[in-house]
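Engineer: Numbering (the numbering used here) for the sequence shown: 3 to 152.
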Amino acid sequence: MLATAQQVDILIRNGKILDGTGNSWYYADVAVKDGKIVAIGKLTNYTATKTPDAKGLIIAPGFIDVHTHCEGDEKKNPQATNFLLDGVTTVVTGNCGSYNTNLTSYFSLLDSIKLSINIASLVGHNDVRKAIIGTTMRDPNTLALVSDLC
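#1: Looking only at C-alpha atoms, which of 106, 41, 118 and 43 sits nearest to residue 82?
#2: Are residue 34 and residue 12 closer than 7 Å when you measure CB to CB?
#3: So does the segment 121-135 actually touch the segment 86-97, counting three or more Cβ pairs closer than 8 Å?
#4: Go through its chain and collect everything with a Cβ distance to residue 105's Cβ below 7 Å, but skip five positions before and after it.
#5: Measuring only the C-alpha atoms, how far is residue 25 from residue 47?
#6: Is the beta carbon of residue 54 sitting closer than 7 Å to the one on residue 115?
#7: In three-state DSSP terms, what is residue 113?
Here it is, written out as structure tokens:
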């Protein structure tokens with residue numbers, strides 16, 4: 003009995019899979035439907051509108067760049083081609099002690115410009131310090147820190 007062919011949008015054939023888990027690479031096909039990976043393996047019963055051959059190429063999940071200074075660039079270049087061409091699909095901003103202090107507004111803005119990558123943000127220690135003790139050069143009072151943060 004023949005299995006029914008599964009229809010997907012994209013079927014990448016013959017790629018060398020590096021899955022990021024530390025396991026050895028392997029050859030496989032990758033099926034994509036509605037923008038999501040739906041199957042990985044020897045997908046002989048799948049058909050697609052687009053079927054690129056990845057023979058000799060590597061298929062890997064998007065990389066995460068954990069130290070970027072892209073603040074402001076995301077508005078000027080929402081396509082984020084500088085990251086995507088390097089395989090980066092997620093960036094972490096707010097490094098080196100500064101960040102967008104109103105994260106709710108910042109992430110609403112990112113949603114409105116339909117950014118092509120994912121963004122996560124750290125809470126900058128310099129901004130936390132400034133919010134609690136201002137620009138005075140002194141050690142923070144532990145009680146003040148706790149009461150202001152909680």
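Ideal Cβ positions, reconstructed from N, Cα and C, are used throughout, including at glycine.
Structural biologist: According to the structure data:
#1: 118
#2: yes
#3: yes
#4: 123
#5: 26 Å
#6: no
#7: helix
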